[in-house]
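Chains as they are written, first to last, in our numbering: chain A, 1 to 400; chain B, 1001 to 1400; chain C, 2001 to 2400; chain D, 3001 to 3400.
For each residue, glycine too, the CB sits at the ideal point set by N, CA and C.
Data block below; observations after.
4 protein chains.
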Amino acid sequence: MNSIKKVVLAYSGGLDTSAIVPWLKENYGCEVIAFVADVGQGAEELEGVEEKAIASGASECYVVDLKDEMVSDYIYPTLKTGSIYEGTYLLGTSMARPIIAKAQVEIARKVGADALSHGCTGKGNDQVRFESCFAALAPDLQVIAPWREWDLSSRESLLDYLAERNIPCSASATKIYSRDANAWHISHEGGELEDPWCQPSDQVWTWTNSPEQAPNEPEFVTLNVVEGEVVAVNGEQLKPYDCLVKLNDLASVHGVGRVDIVENRLVGMKSRGCYETPGGTVIMAALQAIDELVLDKASRKWKEVLGGEFSHLVYDGRWFTPLKDSILAGAEALSTVASGEVVLKLYKGQVTAVQKKSPNSLYSEDFATFGADDVYDQSHAEGFIRLFSLSSRISALAKK
Amino acid sequence: MNSIKKVVLAYSGGLDTSAIVPWLKENYGCEVIAFVADVGQGAEELEGVEEKAIASGASECYVVDLKDEMVSDYIYPTLKTGSIYEGTYLLGTSMARPIIAKAQVEIARKVGADALSHGCTGKGNDQVRFESCFAALAPDLQVIAPWREWDLSSRESLLDYLAERNIPCSASATKIYSRDANAWHISHEGGELEDPWCQPSDQVWTWTNSPEQAPNEPEFVTLNVVEGEVVAVNGEQLKPYDCLVKLNDLASVHGVGRVDIVENRLVGMKSRGCYETPGGTVIMAALQAIDELVLDKASRKWKEVLGGEFSHLVYDGRWFTPLKDSILAGAEALSTVASGEVVLKLYKGQVTAVQKKSPNSLYSEDFATFGADDVYDQSHAEGFIRLFSLSSRISALAKK
Amino acid sequence: MNSIKKVVLAYSGGLDTSAIVPWLKENYGCEVIAFVADVGQGAEELEGVEEKAIASGASECYVVDLKDEMVSDYIYPTLKTGSIYEGTYLLGTSMARPIIAKAQVEIARKVGADALSHGCTGKGNDQVRFESCFAALAPDLQVIAPWREWDLSSRESLLDYLAERNIPCSASATKIYSRDANAWHISHEGGELEDPWCQPSDQVWTWTNSPEQAPNEPEFVTLNVVEGEVVAVNGEQLKPYDCLVKLNDLASVHGVGRVDIVENRLVGMKSRGCYETPGGTVIMAALQAIDELVLDKASRKWKEVLGGEFSHLVYDGRWFTPLKDSILAGAEALSTVASGEVVLKLYKGQVTAVQKKSPNSLYSEDFATFGADDVYDQSHAEGFIRLFSLSSRISALAKK
Amino acid sequence: MNSIKKVVLAYSGGLDTSAIVPWLKENYGCEVIAFVADVGQGAEELEGVEEKAIASGASECYVVDLKDEMVSDYIYPTLKTGSIYEGTYLLGTSMARPIIAKAQVEIARKVGADALSHGCTGKGNDQVRFESCFAALAPDLQVIAPWREWDLSSRESLLDYLAERNIPCSASATKIYSRDANAWHISHEGGELEDPWCQPSDQVWTWTNSPEQAPNEPEFVTLNVVEGEVVAVNGEQLKPYDCLVKLNDLASVHGVGRVDIVENRLVGMKSRGCYETPGGTVIMAALQAIDELVLDKASRKWKEVLGGEFSHLVYDGRWFTPLKDSILAGAEALSTVASGEVVLKLYKGQVTAVQKKSPNSLYSEDFATFGADDVYDQSHAEGFIRLFSLSSRISALAKK
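Shown next, in the form of structure tokens:
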């Protein structure tokens, strides 16, 4: 590894990255530029983050607003593939990583840095996601992953490390859960969740009401969808990010979007996570409802193939690859007809599409019901069945 | 078509098949044997069915109990593949068709019949399912599908037809919904459901409470799973069919298992259906929870491929085909480790797995958390990432 | 079926369609417009075809040159997916059907016809391909398939039919093989080929030398490929159709491109066909060689999925469907890097890519060989292997 | 890493592993047990191998005959899936690795070793394959990969290393190609092959005649296949390994089985390899011919999915995984009908199935040809086409 002069660190203002700033300076003798991605994690997390970075020893701090771009260019493309990782996980953390990595590289180019750094641990997926994106976008830049190098393995040792250097830090010595938030979701790991036999306690969840605490009356929300993207909520035209924020508000009240799973990490072991994706869960239900109307049988089956493959691609951080371009192009093609209107019911943790229509609907009351029509002659069914089952018939006859 | 002497009719006791009995006799001059499959549709539907059949003119009526076999040999194999049709439909009607067709063929062989008949309409999936199974199991037997031949296209004309022949029938002239039930589910079509913009009314649902009417307190149920099959409910060892019945009781109280979708029929058009699968929904959630613990990443991804393919196979009635044998063999192999215990919470229409464990779990608290262990050295991650992303790196370098 | 006034017939000038012209007039009382698609089947087949059509009773005859469009808009898109039906068949007949159907519909619109007709038999794939395209492009037009209606089931009866009407026809009463040709290939069915235990006789093959008769010296040909399309042969820039013609000439001399298979027809039974695709086989080998250089492992695996699905789509005549758009968009995305140069050896029935290079090659001698380099540190392999196999390790430890 | 007492080395008698014996003893202070797998690499390579091992310093040498087991338990299962890696590579090296690893672990258990070692380089696939198998079979044993540790990176330095220790070695200082052989194939890498623009010279190929040197007369060979396995060659019943040996002899004369490709290694870079698989290529052609007769359309398409997935699994060394069990179970199910007889023509580098038959054939001359039959009524085709294309028709109508 060549000597490093200037490193751009993905900085959050939390304990870990606060310690990484001085650690990088001491261990690599380099200048540290803090980069903060605003992906909708909330004002609280961003408040004073520049001051904190400078106080930790960063020579500069860039806060970049990625909220709109994340929703439009990373989340919606993924939604158009129908990706759900391992049947349940809506990929909230995964989808944010490539845009953060891309913006981080852009800052590195701007400031003339020769290295990139992040605060991901050595057992998680995020290190792979970040560094795979770096490899695709900036193969010439070195990567420093302090958690794989240092021996500061506890919160106490990190706090001591900062205290020794007189770096102020408001973090507490104990933190039960590890959380990650962006506009799409918040994730929770650690604490009692490490035992899958242990039900999550109330303290785990931070965004949503519990179904029990949710209102006793259902709420109905109307979404308008154009080519696979939500463009209006309850009749109000909004850009994608603002739709998501509004739906987060509506759905979290009703306890919608909680998930509690054991998943396969890319690095070979399993982990248990709880996720809250209130608005996203509503959006998924709406898009599924539109698909029911507009996709024919073969297209819908194919979309499951696209989504199955893409869910792993996103989870694994393989965003900046030719495979991503290929699957997305296929999904975009299917989404050209995915327009319409859906009314969804929010109630006690559940979202249900109760009304749906589309100008591109292939459903027709005339064709589906049992009366005669011009399109479908019931006598055709015999011929269809005979040829559809012909190989079974031939096979059965051959066995005789 | 050769002249037919004796036909075995899949008889339900309802209006349609009551009329088919005399219609077959008059139009084909043949003897009619009624065959009634008991697949758990309920005592009410079966009560007096033999008398009715004879009264309609059948020379014999066979009622065959298929309940245990259906759950063990058709439903559980399908569950082991993880099949869900078009993301939502739990295949309740589809899974029952092959076993009914198979038993019907067995009766035909027993009585020396030369034809088979059913009361499926000419626009639906069931005609294809039945006749595809017949083609595979009895290619020598002729098939009569009255709905594709006759001109008795309304309930009134069917009632008139029976009245003219003095055949008693308790059916009413108006029936809003078309329903089909077995131990796994009940389906509802017709009426206001023909407009997807129309929310289902309360009369649609017959098995489950609405979430609003469900108890305000959650209920917890414990399932024990052995190799992909539920063997005990709340600690009580039960055979598969009895587990299902018990879970239907528990889950329907809490409004669990309602689905309202527009789906692609095999015959090329879309239809809208509402389904209630209370116990099945609980079982699916339990099996998914076990899979989370025991399947590695590649196996789980593969299982999605198996389930995607198999869901169409079951929906399409292609049960008695080599493809079924192949996919099932693959699913059985994955299921050998699918054992464990799951606690599920039933509340206001939702089922959630809140506790899960398995003797074959690949989850390990030691490996997942951030402390050191013998299996995973965090320094390995760097090498992994470098090679995992190597083609991206090479591609990026090649572009320079 | 409504009464028909004007029908456009896909006319070839052969015995079948010559008889269909008067048959349509007599049986439907309609005007018949002959439509001849020039898809490169050869000057011999097209010579005098207009006169023949008029002599048969057609009121007009349109000959439309589709050669360039077929190669550019149907064959190359299919090649970009890597489609090979059932591992062997290069889809020569299948790829021509949609463009013929589309041009036929355009003529129908131009002349104000209310029906379409074709000369496909009732057991083959082509009837499905034509009529599926008609359904997508002109659902309002009626379709007449004489072979499924009439009783003129032998060549003798067809000749008699024409003779009775004094329609001149040079066809002979006996014809062993049924053949279909276009610029891409010629197919052969019938005669001794109907027994798969029977080796094809020399008379089957019409385009290519047998390997035994091919020259004793190999010939080398150089192809230049740009984004998945051959643009030059032996250094000469040519448009796609002309490349194909030139390669047909070169490759047929060397006996390249013969295939003899039993395949699954869409309509449920198997058939045996022999195909000659000389130039196409060379093009496939060149494109495969470029893919070897430019596609990473995941992209190449994905391309197999695209090709597997698309081969059935093309074979089944499902060209004008949303699924086609989706898969093609995915394939086009992968093809953006498929540029380069390939030298191929033609010898005694075989084509072998012996030299290959690409500006987008991911192959690098420096990286592949065992010396040190900047991109790959051999010590990374240990970490890679440890995490790559971690779930196996955990599983093995769990079993203890 | 704990201190190691006894290591079992996969020993070949070549230069690399001859040096590894003393290197292990000196660097780990451990006893070295040589393990030689006889996988059909040939008598020449095995001659005197035990003496060599002892002379190098091994305390014992076990030569284990794995030939029959490799063909029966690793090659044929793989063949039943139809696996071909990236469209061309018949997986010769890949299929041998798991059985060698398994036997090596068995020796380690027998002698009470605490570590395993191999001579694979740090940039290749084999290190991953061996160590992934070790992880699954013996997660408790340590693994030593000298090529990733030492600095003996040239043949000269290895020869010097041995000379310094007075260990006799007949290896020469220069060796152009790196080769690996077993009963199924021989691979060649290195030398001029490192440039894909360079055609392989004659010295590359060691098993087969060039097509040009092959006899001018074709040779015909008859294979009998039972459930996916070749059981007789030219009428002579032979066990699987002996069939393969005999076919290697026959096919290599005719230049059959050469392949020259650039492939994607698992570790992220591409490499160029030449392979000779004479007998295997003949077997593949025979099995493909049988599949043409016995598999219906859906089964054959599914088999492509199985083979696509399994080819990567085998290539990647993921043999001892649940995914292997699942895919193989699916392939075994399809193979139950894969019986029959095939005559193949060997000529100038090509193998062609020219005659094929099967007791389970779904091909029937009666059904395929155009005459009437009992199974297929041509009028059925209309109904089939109408429903098969119904969604296209509805979609087209909906657009109006």
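Among the CB atoms of chain A, none fall inside 8 Å of the CB of residue 1049/B.
Residue contact with chain C for residue 1134/B: absent (no Cβ-Cβ distance below 8 Å to any residue of chain C).
Boundaries around residue 3345/D are those of the beta strand (DSSP E), 3340-3347, since no alpha helix (DSSP H) includes it.
The beta-carbon separation of residue 3272/D and residue 3262/D, rounded to 5 Å, stays under the 8 Å limit for a contact. In the three-state reduction of the DSSP assignment, residue 2219/C falls in the strand class, which pools E and B.
Rounded to the nearest angstrom, the gap between the Cα atoms of residue 1198/B and residue 352/A is 13 Å. The beta carbon of residue 3379/D sits no closer than 8 Å to any beta carbon of chain B.
When beta bridges are read from the DSSP output, residue 3248/D appears opposite no residue. Residue environment analysis places residue 366/A among the exposed positions, since fewer than 16 neighbouring C-beta atoms fall within 10 angstroms of its C-beta.
Contact between residue 78/A and residue 66/A does not hold, since their C-beta atoms are separated by about 15 Å, which reaches or exceeds 8 Å.
Within chain A, not a single residue places a beta-carbon under 8 Å from that of residue 2078/C; the smallest gap is close to 16 Å. One Cα belongs to residue 3152/D, the other to residue 3164/D, and the distance between them is close to 13 Å. Residue 268/A is not a Cβ neighbour of residue 2397/C, given a cutoff of 8 Å. Here residue 2237/C carries a strand assignment [DSSP, helix/strand/coil]. In the structure shown, residue 3006/D falls within a strand segment according to DSSP collapsed to helix, strand and coil. Residue 2237/C is positioned such that its CB atom lies closer than 8 Å to that of residue 2231/C. Exposure of residue 3203/D is indicated by the presence of fewer than 16 other C-beta atoms within 10 angstroms of its C-beta. Taking the Cα positions, residue 1248/B is about 17 Å away from residue 1095/B. Only 2265, 2266, 2267, 2268, 2269, 2270, 2271 and 2272 from the region 2265-2280 of chain C bring a Cβ to less than 9 Å from some Cβ of chain D.
Residue 1007/B holds the alpha-carbon nearest to the alpha-carbon of residue 1060/B among 1007/B, 1270/B and 1384/B. With 16 or more other Cβ atoms inside 10 Å of its own Cβ, residue 3097/D counts as buried. Contacts with chain A at 8 Å (Cβ-Cβ) include residue 1392/B. The beta carbon of residue 195/A sits closer than 8 Å to some beta carbon of chain B. Contact between residue 3004/D and residue 3119/D does not hold, since their C-beta atoms are separated by about 17 Å, which reaches or exceeds 8 Å. The C-beta separation of residue 2334/C from residue 326/A comes to about 5 Å, placing the pair in contact by the 8 Å criterion.
DSSP, read as helix, strand or coil, puts residue 2117/C in strand.
Beta-bridge analysis with DSSP links residue 3190/D to 3177/D.
Shown here, residue 1064/B sits in a strand according to DSSP, grouped into three states.
Around the C-beta of residue 1048/B, fewer than 16 other C-beta atoms lie within 10 Å, and the residue is accordingly described as exposed.
In the pairwise beta carbon analysis, the region 2132-2140 of chain C is classified as touching the region 2307-2324 of chain C: at least three pairs are separated by under 8 Å. For the 8 Å CB-CB criterion, residue 1254/B and residue 1309/B do not form a contact. In terms of beta-carbon proximity, residue 1367/B lines the interface with chain C, with at least one pair separated by less than 8 Å. Partner residues in a beta bridge of residue 3393/D, as assigned by DSSP, do not exist. By the 16-neighbour rule on beta-carbons within 10 angstroms, residue 1173/B is exposed. For the pair residue 2245/C and residue 2183/C, the CB atoms are nearer than the 8 Å cut-off. Exposure of residue 3140/D is indicated by the presence of fewer than 16 other C-beta atoms within 10 angstroms of its C-beta.
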